[in-house]
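Undergrad:
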Amino acid sequence: MGKARRIIVGIVSVIYLTLVIMKIDIPRNVFIALTGIMLISGAIDEWNRYKETKKKIHLLIPIILLPIVIFVVLSLLF
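If you're matching positions, the sequence shown starts at 2 in my numbering and goes up one per residue.
#1: The alpha helix (DSSP H) with residue 39 in it runs from where to where?
#2: Who are the Cβ neighbours of residue 59 in its own chain at under 8 Å, not counting the five residues just before and after it?
#3: For residue 11 and residue 35, what's the separation of their Cα atoms in angstroms?
#4: Less than 8 Å between the C-beta atoms of residue 77 and residue 16, yes or no?
#5: Look at the Cβ atom of residue 6, then the Cβ atom of residue 62, and state whether they are nearer than 8 Å.
#6: Within a Cβ cutoff of 7 Å, which residues of the same chain sit near residue 40, ignoring the five residues on either side of it in sequence?
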């Protein structure tokens, strides 16, 4: 499962980089979807690290990212 998630994140990163390098105007929905996939993958990685190490800093990172993502999405929508 982890390998498939890493492949998906790699594909998303390549798509995003291609759009940025080619200076294509990225639609808001595409940007939100690509960013969401990468952030969700990062949160899953941090959760797995927390389960292995039991260090609370690994829980703090996804908890801090959640309000930031909500703020960014709301600012893009309105």
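For every residue, glycine included, the Cβ atom is placed at its ideal position computed from N, Cα and C. Fair warning: this is a prediction, and the values are worked out from it, not measured in the lab.
TA: So, from the listed chains and residues:
#1: Residue 39 sits at position 38 when you count from the first residue of the sequence shown. From DSSP, the alpha helix (DSSP H) with residue 39 extends over 29-54.
#2: Position 58 of the sequence shown, counted from the start, is the residue given in the question as residue 59. Counting only Cβ-Cβ distances below 8 Å, and skipping sequence neighbours, we find 47, 48, 50 and 51.
#3: Counting from one through the sequence shown, the residue named residue 11 turns up at place 10. Counting from one through the sequence shown, the residue named residue 35 turns up at place 34. So the two alpha carbons sit approximately 11 Å from each other.
#4: Within the sequence shown, the letter at position 76 stands for residue 77. Within the sequence shown, the letter at position 15 stands for residue 16. No, they are not a contact pair.
#5: The residue given as residue 6 occupies position 5 in the sequence shown. The residue given as residue 62 occupies position 61 in the sequence shown. It is not a contact, given that the beta carbons lie outside the stated cut-off.
#6: Residue 40 sits at position 39 when you count from the first residue of the sequence shown. Only 66 and 70 meet the Cβ criterion.
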